[in-house]
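Heads up, the thing below is written out as structure tokens.
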Amino acid sequence: MIMNVENTLGVVVRVREFDPSKDGLSVEQVESRCEVGPSGKLCLFTDLLGDPICRVRHSPAFLMLVAEIGDEIVGMIRGCIKTVTCGKKLSRNGKNNNNDTIKPLPVYTKLAYILGLRVSPSHRRMGIGLRLVKRLEEWFRESGAEYSYIATENDNDASVKLFTDKCGYSKFRTPSILVNPVYAHRVTVPKHVTIIQVGASDAELLYRRKFSTTEFFPRDIDSVLKNKLSLGTFLAVPRGSYSPESWPGSDAFLSNPPESWAVMSVWNCKEVFKLEVRGASRVRRTLARTTRIVDRVLPWLKIPSIPELFRPFGLHFIYGLGGEGPRAVKLVKALCGYAHNLAKESGCGVVATEVSSGDPLKLGIPHWKVLSCAEDLWCIKRLGEDYSDGSVGDWTKSPPGLSIFVDPREF
Ligand SMILES: CC(C)(COP(=O)(O)OP(=O)(O)OC[C@H]1O[C@@H](n2cnc3c(N)ncnc32)[C@H](O)[C@@H]1OP(=O)(O)O)[C@@H](O)C(=O)NCCC(=O)NCCS
């Protein structure tokens, strides 16, 4: 796929598919020139560990494009497509009228996601970003995607304007990215909570039964759960209700659940990319190191020490966080503690998750404000006019639900 396009300044910009055999290094160089974040302040640098398509390669379909002038790569974009829930419909289920139950069923749509758009600072405002988005959207349409969305920081003016003013996207959802440091000490999981790890098939059954009507729920949840980056699914239940030894399987569990329970899965981003906070002063680094040393030497004090974030660090991502019952928030908190300890064992710097900003379970997720992002802006666009409105109508116009399912493959 090659497309020559003359931009407004008379320069020929060629857009073509990324070629891993020869483009790796040039793409990496553009990437490092594009550190997102205001200059003179702390900024977050992402190291893709030499694999530019690492953040899309686990999706069912993906494409990476590069823009070049002569033989210099000056921009790139990645996209992927999958099927997700965009709403729900009610279905009558029963043999006779007395036994009828009304069950919500998911309505699926083919959704495209744009990520990793970068244009070299020396070639900005030449229309290259716009060309890359348009070319990627052509592939989305050819592949039958109905919607396309992007996630960006609310204050990334260039990106927000590009998508909303020039490409027809509208502001859609603002989930919160919650990030908690991994301390040098272990977090205590309360004694009145039992954590049970369930296998991928049991997890699939549980997620499909309980969360398949949550928007953005991926229809191929089974391949997410079975991916080698998924470190497991964990249930928190009140002690005495179920135990790992007496776990009867999700089917039996869901027909007789305890009053409250919570679930989460953990994704190992550490093998995909590393992050690094750049631009920190020497004083700040020294202070962080001191807290860590004290925490390591006196772990019983449980000092909230600052991890080593100023060198490349890995992270775990909690996905599929959900629960029911009056104690669900407390059980979520216990699960987050458990996830913290898992991340500590694998040497991660932070644990992150992303949930709908209005999710009631958010209260149970420990996080540091300074590391988190209260409003990650998701913008969406319907790719064609010729889709039937079906039972949910135009998703882009729908109000947000209480929760959202954030796919770990795209974090
Ligand atoms: C966002 C980014 C990809 C834009 O690339 P670009 O090639 O400069 O964008 P274009 O020249 O195609 O701009 C198209 C439109 O976007 C908007 N835009 C782009 N840069 C802008 C800026 N700095 N301020 C305001 N609007 C901007 C304008 O509407 C522009 O149209 P105009 O030039 O006719 O006014 C580029 O700034 C970049 O790489 N930023 C760092 C990485 C990043 O933030 N990526 C997006 C994450 S989703």
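Here the sequence shown stands for residues 4 to 414, numbered as in the numbering used here. All residues carry an ideal CB built from backbone N, CA and C; glycine is no exception.
- Across the set Thr86, His188, Cys382, Arg127, the C-alpha of His188 shows the shortest separation from the C-alpha of proline 302.
- By the 16-neighbour rule on beta-carbons within 10 angstroms, serine 151 is buried.
- Remark: fewer than three beta-carbon pairs, one from each stretch, lie closer than 8 Å, so the region 373 to 382 and the region 393 to 404 are not flagged as touching.
- The C-alpha of proline 107 is placed about 6 Å away from the C-alpha of serine 94.
- Straight-line spacing of the CA atoms in aspartate 254 and aspartate 205 works out to 8 Å.
- The alpha-carbon of leucine 234 is positioned some 10 Å away from that of isoleucine 321.
- Every unbroken stretch of the beta strand (DSSP E) spanning 3 or more residues and falling wholly within the region 77 to 135 is given here in chain order: 104 to 122.
- Distance from the CA atom of valine 185 to the CA atom of leucine 232, rounded to whole angstroms, is 19 Å.
- Taking C-beta atoms under 8 Å as the contact rule, valine 358 and proline 178 qualify, at a distance of about 6 Å.
- Contact between the region 361 to 373 and the region 121 to 141 is not established, with fewer than three Cβ pairs separated by less than 8 Å.
- Counting every other CB atom within 10 Å of its CB across the protein chains shown gives proline 329 a total below 16, marking it as exposed.
- Arginine 292 has its alpha-carbon roughly 11 Å from the corresponding atom of arginine 299.
- A direct Cα-Cα distance of roughly 21 Å separates valine 14 from lysine 169.
- Counting along the chain, serine 35 sits inside no beta strand (DSSP E); it lies in the alpha helix (DSSP H) bounded by residues 27 to 36.
- Taking a C-beta distance under 8 Å as the contact criterion, valine 275 and arginine 58 qualify as a contact pair.
- With a threshold of 7 Å, the Cβ atom of isoleucine 153 counts as near ligand 1, since some heavy atom of the ligand is closer than that.
- For the pair of segments examined, the region 146 to 162 was found not to touch the region 256 to 263: the number of CB pairs separated by less than 8 Å stays below three.
- Secondary structure of histidine 370 (DSSP, three-state): coil.
- A straight line joining the alpha-carbon of histidine 343 with that of leucine 238 spans about 15 Å.
- For valine 201 against tryptophan 270, the beta-carbon gap comes to about 16 Å, at or over 8 Å, which does not count as contact.
- Its chain contains Phe237, Ala239, Tyr341 as the residues whose beta carbon lies nearer than 6 Å to that of isoleucine 198, once the 5 sequence neighbours on both sides are disregarded; these appear in chain order.
- When secondary structure is reduced to three states using DSSP, alanine 377 falls in the coil class, being assigned neither helix nor strand.
- Excluding the 5 residues flanking it on each side, phenylalanine 414 has same chain C-beta neighbours closer than 6 Å at Phe320, in chain order.
- In the structure shown, tyrosine 245 adopts coil according to DSSP, grouped into three states.
- At a Cβ-Cβ threshold of 8 Å, phenylalanine 219 and isoleucine 56 do not count as neighbours.
- A residue is called buried once 16 or more other Cβ atoms fall within 10 Å of its Cβ, and valine 373, having fewer, is exposed.
- About 25 Å separates the CB atoms of alanine 64 and valine 16; that is not less than 8 Å, and the two are not in contact.
- Look at leucine 47: its beta carbon is at least 7 Å from all of the heavy atoms in ligand 1.
- No heavy atom of ligand 1 is found nearer than 7 Å to the CB of alanine 64.
- Under the DSSP definition of a beta bridge, serine 173 partners with Ile383.
- Spanning the alpha carbons of cysteine 339 and arginine 128 requires a straight line of approximately 43 Å.
- Taking 8 Å as the cut-off, the Cβ atoms of serine 123 and arginine 36 count as close.
- Residue pairing for asparagine 183: DSSP places it in a beta bridge opposite Val354.
- At a Cβ-Cβ threshold of 8 Å, arginine 412 and phenylalanine 48 do not count as neighbours.
- The C-beta separation of valine 77 from isoleucine 131 comes to about 6 Å, placing the pair in contact by the 8 Å criterion.
- Residue burial annotation: asparagine 183 is buried, with at least 16 other C-beta atoms found within 10 angstroms of its C-beta.
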